[in-house]
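*Asks:* I am attaching a structure below and will ask some questions about it afterwards.
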Amino acid sequence: MFVSVQIFSYLLISFLGFAFGRFSHICAGRIKVPHCWVYGVIIMFLGIAIDLFLFEDTWSLHLIALGLGLAISDIEDMAEFKIYGLCSNGKKKFWGID
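Take the sequence shown: its position 47, counting from 1, is numbered 55 in my numbering, and each next residue is one higher.
Quick look at the structure:
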């Protein structure tokens, strides 16, 4: 039972990262800032570094899950390797991936 609670918490944190990434994509997509996937990759590498050097599993896995959610929310810009700039114009959807 404890394992299922852990998996649920990782899924919840990933969803919160996805939701934050989509919200920032919609609201802050008109200013020149790094894209959400960049922050997601940085947070994932931070989680991996904490796991490798400090041997702290709980925090590291939560950071990896949060970074994964952020990266997935902006996967199209990640595929095109857009690092910095404005988001594309057009209709923005919360549940879509653009």
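From the three backbone atoms N, C-alpha and C, an ideal C-beta is built for every residue, glycine too.
Cα separation between D59 and L78?
*Replies:* Rounded to the nearest angstrom, the two C-alpha atoms are 19 Å apart.
*Asks:* Might you give, ordered along the chain, the residues of its own chain that have their beta carbon closer than 6 Å to the beta carbon of L74, omitting 5 neighbours on each side?
*Replies:* Cβ within range, chain order: I21, G25, I51.
*Asks:* Assuming I56 and I72 are in contact, meaning their beta carbons sit under 8 Å apart, how far apart are those beta carbons, in whole angstroms?
*Replies:* 7 Å between Cβ atoms; contact.
*Asks:* Measuring only the C-alpha atoms, how far is H70 from Y47?
*Replies:* Cα to Cα, the separation comes out at about 15 Å.
*Asks:* Return the bridge partner residues of V41 from the DSSP annotation.
*Replies:* BP columns for V41 point to G93.
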